[in-house]
Every structure is written in structure tokens, then in C-alpha cells.
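For the sequence shown, our numbering gives the first residue as 753, with consecutive numbering after it. For each residue, glycine too, the CB sits at the ideal point set by N, CA and C. Please read all numbers here as calculations on a predicted model, not as lab measurements. Worksheet: the structure to be examined is printed underneath.
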Amino acid sequence: MDNAQLNSQTGQNGGPDPRDIDSPPLISVRKMSKCFHLGGTRIEVLNGVDLDLKAGETLSIAGASGIGKSTFLHLLGTLDRPDGGQLLFQGEDVFQYDHLKLAKFRNASIGFVFQFHYLLAEFSSLENVMMPALIKGDRRQQAAEAAESMLVRVGLQNRMSHKTGELSGGEQQRVALARALILRPLVLLADEPTGNLDKKNSERVHELLVELNREYNMTLVVVTHNQELASYMGRCVTIADGQLIELKD
């Protein structure tokens, strides 16, 4: 798949744009703030940030290290809590949930892919991908069938029984992607998903992200230094002075 094909699938170069659909946002960030204290200094990372994302929309968060990209992604994924503001999923403020309800929501609705795959070395590819379904409470056979299907989809049908150490870096990241998507989440959050990969494997992961976004109509948010990957997304923002700044083509 070439760049023109990828761009047309993500709403660029005249392709369909999820924001054109007359529907309410899947995700709404309202007046979100977050700061850290370092050596007696208050560092304001986010200051009253607003953002709307619709189902199927793609967004890249670009910019230099240390501006708060990963912090914002972790807040979107409810891995951390803001100091102020709201995170609305389908109109409901999920930070009002108690710890257990929030964990169940996160497991069912949000998939994560990180720069480091965080696979469990003692388990096979199949067993790693099964984990979210088992945590959810699915029967083992049901989880195994779903994991097999997803591994086939990412091109690893011949690597299901292999453990992490027997896989290449690109294969490990595709296992991590399959694990993130086994429950068909509404949202996929990816933090530098190709940061440790060579060009060939990076391109393969880029293609998969775009294809799976289209197939599953999942909202995709990617933190990346990779300008090629960022260009595949329908929108691109950066963070400056605690605010989201939309970058134009």
C-alpha cells in the first residue's frame, strides 16, 4: 500500500473524513489541566485543554520530547487522572467512575500500544493476545479463538506458539497490536508505536494501524516523532504553553 492509498483512507487527499459525519463526538475533553512539581518548581503541562474526537477519527500528537504528549495520551486512556476538567466518553465523564468501574471501562473500550511492547516473555504470542479477554472474564476457548483471529489479521498466523524471544521486533509489536485490539475497543491509543523499529517494520505497522482504523471504525490517537506516520492521520496537533495547537498541512 502506498502513501496515496493510506492518505485517502484517513481522510486526506479527498478521502472520507469522519468529522464530516453528523454525529456527536465519541470523546470530548473539556478544560483539562495537569501539572507536575519538580524540585519545588510547578510545571504546567496542560492548561484548560479542549478536544473533540468522533468515532473513526485519526489524530497524531507531534512535537519535541517533554511537551506533554505522552501525559495527554495517558489521560485520554484513563491511566492517569487530570488535576481538573472532564473526559467525556459518549457524553459521560469517566473520571466520575470508581476505581473498579474505570478499570472495566478501560479494558473494554481502550486499546494501548506503546514503544516497548510489554509482552510477557514466558507466554506465547497467542497467550499474550488472550490476556485482555481473560481479564474481562471471557472463557478461555472464546479468548483463544478471538486471539487466533486477530493474530491472523496482523499476519502472524505462523507465529502463534512462539514466545517473545523467538520473534523479531516488528513481530513483537504486531503481537502487541493484536493484544490491544482483541476486544475491538472504541479507541486505540499508540505511543511511539514504531519508535524501536526499522523502516520496513515501521511501514508495516503504519499500514496496519490505518487499515484496522478503517475496518473497525475505531478512533485512533498516535503520539509520534515519525512525520510519515503523523501524515497518515486525519488531524495533527502539538502542545505549546499547555494548549493543543492544531497543525495545518
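| Item | Value |
| --- | --- |
| Bridge partners - ASP850, DSSP secondary structure assignment | In the DSSP output, where bridge partners are listed per residue, ASP850 has none listed. |
| Buried or exposed (CB count within 10 angstroms, at least 16 for buried), GLY818 | exposed |
| CA nearest to the CA of HIS914, picked from PHE788, SER775, ASN880 | ASN880 |
| Ranges of the alpha helix (DSSP H) found wholly within the stretch 863-945, counting only runs of at least 4 | 877-888, 892-905, 921-933 |
| Residue range of the alpha helix (DSSP H) that includes HIS958 | 951-968 |
| Whole-angstrom distance between GLN924 and ARG911, CA atom to CA atom | 10 Å |
| Residues of its chain near SER876, where Cβ-Cβ distance is below 7 Å and the 5 sequence neighbours each way are ignored | MET912, SER913, HIS914, LYS915 |
| 8 Å CB neighbourhood of PHE857 in its chain, flanking five on each side removed | THR830, PHE841, VAL846, TYR849 |
| Burial state of LEU981, where buried means 16 or more other Cβ atoms lie within 10 Å | buried |
| Host alpha helix (DSSP H) of GLU809 (start-end) | No alpha helix (DSSP H) contains GLU809, which DSSP labels as neither H nor E. |
| LEU933 versus ALA873 - alpha carbon distance | 20 Å |
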